[in-house]
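Accompanying notes for the structure given below.
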Amino acid sequence: MTFEAVLEDFTRTIEESSARLLSLTDAEAAGRRAEGKWSAKELVGHLIDSASNNHQRFVRAQLSEDLVCQGYAQDEWVRAQKYDAASWPLLVNLWKFYNLHLAHVCRHAPERERLRERRRHNLHEVGWAEVSPAEPATLEHLMRDYVGHLKHHLRQMLGEV
Ligand code: NI
161 MTFEAVLEDF TRTIEESSAR LLSLTDAEAA GRRAEGKWSA KELVGHLIDS ASNNHQRFVR
221 AQLSEDLVCQ GYAQDEWVRA QKYDAASWPL LVNLWKFYNL HLAHVCRHAP ERERLRERRR
281 HNLHEVGWAE VSPAEPATLE HLMRDYVGHL KHHLRQMLGE V
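Using our numbering, the final residue of the sequence shown is 321, and nothing's skipped along the way.
Okay, structure coming up:
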């Protein structure tokens with residue numbers, strides 16, 4: 161898939177999924193599918209954390225030589241922010257508009273930065289899909305990986321997206 165097609169799909173996914181998520185009631189979104197699993201509120205919270213961390217990465221990568229990114233302890237982040245006690249429409253809308261901005265950031269990253277090969281990276285540690293530390297990585301790779309992770313969690317919540 162071309163990068164342009166990835167971004168079109170990303171934008172359509174944000175619009176369609178946010179509408180479907182907003183049709184859940186607050187109680188439905190707070191309910192757990194299984195003991196120890198995240199509720200929909202916590203999953204969207206996790207996606208907000210992913211958006212905010214990757215926002216930093218997408219911008220910082222354009223201003224630095226390497227692609228060494230800070231990680232975050234995802235379960236602790238979800239717990240610390242009490243996503244279960246947050247308003248469902250607020251969470252979904254925050255997720256939606258944050259991601260529409262990220263689509264804008266991805267679309268406008270200069271191609272030379274987006275495709276520049278970076279020998280020093282830690283995508284094998286912070287990325288969602290497997291990447292070899294021995295191979296150079298690009299910012300586009302990180303952006304595609306971000307969208308892949310987002311769609312993976314939406315499938316958990318909504319089925320096929
Ligand atoms: Ni995740």
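Don't be surprised by glycine CBs; every beta carbon is placed ideally from N, CA and C.
Determine the extent of the alpha helix (DSSP H) in which residue i is found, giving its start and end residues.
| i | result |
| --- | --- |
| A221 | A200 to Q222 |
| Y232 | From DSSP, Y232 is part of no alpha helix (DSSP H); its letter is neither H nor E. |
| E168 | F163 to L182 |
| N259 | W248 to H268 |
| L283 | L283 to V286 |
| D186 | D186 to A190 |
| R272 | E271 to R274 |
Going by DSSP in three states, residue i sits in which element: helix, strand or coil?
| i | result |
| --- | --- |
| A297 | strand |
| L227 | strand |
CB-CB under 6 angstroms to residue i, same chain, minus the five flanking residues each way: which ones, in chain order?
| i | result |
| --- | --- |
| L181 | V252 |
Between which residues of its own chain and residue i is the CB-CB distance below 7 angstroms, once the five residues before and five after are set aside?
| i | result |
| --- | --- |
| A289 | D305 and G308 |
| P249 | L182 |
Taking the CB atoms as reference points, tell me whether residue i and residue j lie closer together than 8 angstroms.
| i | j | result |
| --- | --- | --- |
| A233 | L227 | no |
| Y345 | G205 | Here the chain has residues from 161 to 321 only, and residue 345 is not among them. |
| P293 | H284 | yes |
| A189 | S177 | no |
Leaving out five residues before and five after residue i in sequence, what residues of the same chain have Cβ atoms less than 8 angstroms from its Cβ?
| i | result |
| --- | --- |
| E273 | A221, Q222 and L299 |
Using a threshold of 7 angstroms, is the CB atom of residue i nearer than that to any non-hydrogen atom of the ligand NI?
| i | result |
| --- | --- |
| H215 | no |
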